[in-house]
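In UniProt numbering, the protein residues as written are 1 to 88.
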């Protein structure tokens with residue numbers, strides 16, 4: 001899913017997942033490299049990545065609504081409204 005491809009902007013560490021605890025290093029933690037589904041930051045990270053990519057496709061964000069993108073191709077107007085659930 002898209003949430004698995006979100007790039008982390010800050011360092012985040014979690015406890016070792018149940019069933020994958022290293023017996024020799026039970027006090028170690030795991031560093032997250034991607035924003036995974038279920039993290040509070042996942043929708044925001046996905047939105048940042050998506051809105052960074054859209055200008056490469058020729059879309060421009062509107063001043064009134066940051067989630068509304070417009071692209072004009074010849075005489076055709078393409079309107080893209082981006083909705084990310086639980087984005088804070």
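Positions of the beta carbon are idealized from the N, C-alpha and C atoms, including for glycine.
Predicted model only: the values in this text are computed from it and were never measured.
Mark residue i as exposed unless 16 or more other C-beta atoms lie within 10 angstroms of its C-beta, in which case mark it buried.
i          : result
residue 20 : exposed
Taking DSSP as the reference, what is the three-state secondary structure of residue i?
i          : result
residue 69 : strand
residue 64 : coil
residue 82 : coil
Would you kindly work out how many angstroms separate the C-alpha atoms of residue i and residue j, rounded to a whole number?
i          : j          : result
residue 17 : residue 71 : 44 Å
residue 69 : residue 77 : 10 Å
residue 79 : residue 45 : 22 Å
residue 73 : residue 29 : 50 Å
residue 24 : residue 14 : 18 Å
residue 67 : residue 57 : 15 Å
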